[in-house]
Structure formats: C-alpha cells, structure tokens
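Just below is one structure, and these are the notes that go with it.
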Amino acid sequence: MRNEHCLIVHAAGRQLDLLRGEASRIAKEKQINWWTDRADVGTRFCFEDVNAKETFALTCDNFGIRCGDG
C-alpha cells in the first residue's frame, strides 16, 4: 500500500486548473506521483510525499485558497 498525503481544496474553475498545474510542478520537482479525487466538499489532492503536500498547502495559502487535511 502506498503512502498518501492528501489535502482537500475548496476551489473551482480556473483556480482548480491553476492548482493542478502547481501540483504537477511540485510533484515533478520531487520526482513523485500525485493525483486528485472528488471529495464530499472540494477536491482531494494527494501526493506520495509529505513534503510535497506541505509545499502544496503553502501554495494554496499564497493564492488565498482554503485547504485542509483530507
């Protein structure tokens, strides 16, 4: 079973597209995989590395987009 480090992001439309691009960039830098899933409220962004998750959380904060552990 692989490790999953996930955040639930509350964004839609262009903001969500922007975050997908950022998640891809972060994962590529760290040479890991990432993916998204639907959540009850928002979108779940998952990474194979906890440091990538933390970097992504900072990115969300910098863009003023709410996110939380998921």
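Note that the sequence shown covers residues 24 to 93 in the working numbering. Using N, Cα and C, we set each Cβ at its ideal position, and we do this for glycine too.
Legend entry - The alpha helix (DSSP H) enclosing Arg43, as first and last residue numbers: Translated into positions along the sequence shown, residue 43 becomes position 20. Here the alpha helix (DSSP H) through Arg43 covers Gly36 to Lys53.
Legend entry - Range of the contiguous beta strand (DSSP E) that encloses Asp72: Residue 72 sits at position 49 when you count from the first residue of the sequence shown. From DSSP, Asp72 is part of no beta strand (DSSP E); its letter is neither H nor E.
Legend entry - Own chain, CB closer than 8 Å to Ile55, minus 5 neighbours either side, in chain order: Residue numbering aside, residue 55 sits at position 32 when the sequence shown is read from its first letter. Cβ neighbours of Ile55 beyond the five flanking positions: Phe70, Glu71, Asp72 and Ala75.
Legend entry - Enclosing beta strand (DSSP E) for Arg61 [first to last residue]: Along the sequence shown, read from residue 1 onward, the residue named residue 61 stands at position 38. Note, Arg61: beta strand (DSSP E), Trp57 to Arg61.
Inset, instruction - Return yes when the Cβ of Gly65 is within less than 7 Å of the Cβ of His28, no when it is not. - result: Here residue 28 refers to the residue found at position 5 when the sequence shown is read from its first residue. Here residue 65 refers to the residue found at position 42 when the sequence shown is read from its first residue. No, the pair does not count as a contact, with Cβ atoms beyond the cut-off.
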